[in-house]
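> In the numbering used here, the protein residues as written are 12 to 449.
1. Within 10 angstroms of the Cβ of residue 206, are there 16 or more other Cβ atoms? Answer buried if so, exposed if not.
2. Between the segment 311-320 and the segment 204-220, do three or more beta carbon pairs fall short of 8 Å?
3. In this structure, how does DSSP classify residue 250 when only helix, strand and coil are distinguished?
4. Is the distance from the Cβ of residue 44 to the Cβ of residue 120 below 8 Å?
5. Helix, strand or coil, according to DSSP, for residue 114 in the structure here?
6. State the start and end residues of the unbroken beta strand (DSSP E) segment that holds residue 193.
7. Work out the CA separation of residue 257 and residue 293 for me, nearest whole Å.
8. Does the count of Cβ pairs from the segment 343-353 and the segment 410-419 closer than 8 Å reach three?
9. For residue 313, which residues from the same chain have a beta carbon less than 7 Å from its beta carbon, with the 5 sequence-adjacent residues on both sides left out?
10. Residue range of the beta strand (DSSP E) that residue 228 falls in?
11. How close, in whole Å, do the beta carbons of residue 149 and residue 231 come, if the pair is a contact with beta carbons under 8 Å?
12. Ignore the nearest five residues each way along the sequence and tell me which others in residue 147's own chain have a CB closer than 6 Å to its CB.
13. On a Cα-Cα basis, can you pick out the residue from 78, 109, 81 and 236 that is closest to residue 11?
14. Do residue 326 and residue 282 have their beta-carbon atoms positioned less than 8 Å apart in this structure?
15. Considering residue 402, what are the terminal residues of the beta strand (DSSP E) in which it resides?
16. Taking the Cβ atom as the reference point for each residue, do residue 333 and residue 171 lie within a distance shorter than 8 Å?
17. What residue range does the beta strand (DSSP E) around residue 344 cover?
18. Assuming contact is defined by CB atoms lying nearer than 8 Å, are residue 190 and residue 41 in contact in what I supplied?
19. Spatial neighbours of residue 377 within its chain, please: C-beta separation below 7 Å, excluding the five flanking residues on both sides.
20. For residue 131, count the other beta carbons within 10 Å of its own beta carbon; 16 or more makes it buried, fewer makes it exposed. Which is it?
21. Within 10 angstroms of the Cβ of residue 381, are there 16 or more other Cβ atoms? Answer buried if so, exposed if not.
22. Distance check for residue 340 and residue 107, CA to CA, integer angstroms please.
23. Do you know whose CA, among 442, 264 and 275, lies nearest residue 228's CA?
24. Roughly how many angstroms separate the alpha carbons of residue 260 and residue 311, rounded to a whole number?
25. With respect to the beta strand (DSSP E) encompassing residue 139, which residues constitute its N-terminal and C-terminal limits?
26. Quick one: using the 10 Å Cβ neighbour count with 16 as the cut-off for buried, is residue 27 buried or exposed?
27. Which residue comes first and which comes last in the alpha helix (DSSP H) that contains residue 40?
28. So residue 262 is in the alpha helix (DSSP H); what residue range does that whole segment cover?
29. In chain order, which continuous runs of the alpha helix (DSSP H) of length 4 or greater are located wholly inside the segment 288-315?
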């Protein structure tokens with residue numbers, strides 16, 4: 012029996028358990044299987060069933076990696092890398108007994124090590140082999156933590172998951188695009204450094220987990236065209252055609268999901284009304300891009316994700332084809348606080364900061380300042396000073412703080428010292444940010 016295949020494509024909702032009056036909490040369990048586990052699907056499910064009969068408390072949401080409190084600790088640790096508990100209600104956060112969970116299982120095995128590394132994707136143009144992007148096998152350990160690292164005040168991530176699942180369902184059911192307009196294309200736009208590309212990568216990885224019963228394989232293709240088009244500008248329309256023809260070869264198997272990420276899409280679809288350098292070639296590029304986007308609609312197993320820093324120059328016909336256009340701006344104060352909290356928690360975990368991360372209170376307490384402890388108040392005050400910085404810049408602040416304002420002779424420091432170091436680093440980060448380097 013192929014154990015890898017047996018447990019990779021499992022997506023189970025215990026619909027038949029309990030009655031309509033079942034008071035248990037519906038919880039999504041994303042279960043990552045150890046690479047070398049030899050248990051079959053039925054054995055994994057039997058193990059999980061036993062585990063969920065416990066009265067052990069679990070906080071939701073939570074990624075559980077330590078099973079030492081369970082009577083099944085050794086057996087679980089040998090076969091399960093982690094279990095991610097998520098409420099079906101995105102705003103619901105609580106503690107619940109395992110026995111009171113009504114599970115929605117997603118079992119999967121991640122690609123790790125060398126097989127998790129991206130590989131170049133090439134095409135032949137004018138007798139020359141050209142790399143035009145890279146390919147990831149999903150779910151991928153290198154992308155595993157991206158979803159949780161992205162913090163938005165609005166439910167952007169949940170909207171993207173819901174849209175993607177619906178778009179692919181419509182494709183499966185062969186919903187007529189003549190009656191209901193949909194193209195399976197997303198556009199994320201906003202200033203640089205706000206996490207647009209990372210969000211697309213994280214979305215593809217999350218879909219590989221959530222849709223594992225539908226697809227035997229999921230791959231992410233990242234297309235980077237800016238440098239290539241500068242080299243092949245006079246033949247860029249031919250390049251676009253060759254690129255999409257190469258992509259279509261991967262779509263023949265409907266059991267394989269292809270997520271296509273076109274980063275900085277303005278390189279390909281600048282408005283035909285504003286083209287000035289070479290109007291005829293720009294027209295050909297945009298027309299070729301639109302034609303091939305339309306051609307991809309006949310494949311039910313492709314999701315197109317695009318990003319742009321400058322939406323004002325995008326062609327209107329391209330914008331019309333995007334089912335979902337989401338603005339990704341710089342983090343708000345609560346989002347900034349959450350990002351900083353995650354950074355400091357990581358430094359607590361590795362011992363660079365000596366106090367436990369539990370001292371930094373959750374963002375939900377930010378609405379009532381009187382409920383915050385002193386450390387959390389200081390972090391909230393600093394978060395308010397960071398307005399205008401991108402998420403990328405905020406995540407670099409701890410590096411600058413430790414590099415220049417924490418004595419390297421010290422084996423560790425306090426939370427209070429580190430927040431003070433963050434404050435001292437803010438001006439430097441803004442200066443670097445203004446040079447587009449932070």
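Positions of the beta carbon are idealized from the N, C-alpha and C atoms, including for glycine.
These numbers come from a predicted model, not from an experiment.
Concretely, from the data shown:
1. Residue 206 is buried by the Cβ-count criterion.
2. With the cut-off at 8 Å, the segment 311-320 and the segment 204-220 touch.
3. Helix, per DSSP.
4. Cβ distance < 8 Å, so residue 44 and residue 120 count as in contact.
5. Strand at residue 114.
6. Taken as a continuous stretch (DSSP letters only), residue 193 belongs to no beta strand (DSSP E), as it is neither H nor E.
7. Each residue's alpha carbon lies about 22 Å from the other.
8. By the Cβ rule, the segment 343-353 does not count as touching the segment 410-419, because fewer than three pairs are nearer than 8 Å.
9. Spatial neighbours of residue 313 in its own chain (CB-CB distance under 7 Å, excluding positions within 5 residues in sequence) are listed in chain order as 195, 262, 269, 271 and 307.
10. Going by DSSP, residue 228 is part of the beta strand (DSSP E) stretching over 228-234.
11. Confirmed, Cβ separation roughly 6 Å.
12. Taking residue 147 as the centre and dropping the five residues before and after it, the same chain places the C-beta of 129 and 231 closer than 6 Å to its C-beta, in chain order.
13. The displayed coordinates of the chain run from 12 to 449. Any statement about residue 11 would go beyond what the structure contains.
14. Less than 8 Å separates the beta-carbon of residue 282 from that of residue 326.
15. It is not in any beta strand (DSSP E) - residue 402 instead sits in the alpha helix (DSSP H) that spans 402-416.
16. The Cβ atoms of residue 333 and residue 171 do not sit closer than 8 Å to each other.
17. Careful: residue 344 lies outside any beta strand (DSSP E), inside the alpha helix (DSSP H) at 344-361.
18. No, they are not a contact pair.
19. Excluding five sequence positions before and after residue 377, the CB atoms of its chain that fall closer than 7 Å to its own CB belong to 345, 348 and 391, given in chain order.
20. Counting the other Cβ atoms within 10 Å of the Cβ of residue 131 gives fewer than 16, which makes it exposed.
21. Per the 10 Å Cβ criterion, exposed.
22. CA-to-CA, the gap between residue 107 and residue 340 works out to about 35 Å.
23. Comparing alpha carbon positions, the residue from 442, 264 and 275 closest to residue 228 is 264.
24. Note on geometry: alpha-carbon atoms of residue 260 and residue 311 lie some 14 Å from one another.
25. Unbroken beta strand (DSSP E) run through residue 139: 139-149.
26. Low per-residue confidence applies at residue 27: pLDDT is 43, beneath 50, and the placement is therefore not dependable, though the value from the model is reported in the following sentence. By the 16-neighbour rule on beta-carbons within 10 angstroms, residue 27 is exposed.
27. Going by DSSP, residue 40 is part of no alpha helix (DSSP H) but of the beta strand (DSSP E) stretching over 36-44.
28. Unbroken run through residue 262: none, as it is neither H nor E.
29. Complete alpha helix (DSSP H) runs here, min 4: 290-307.
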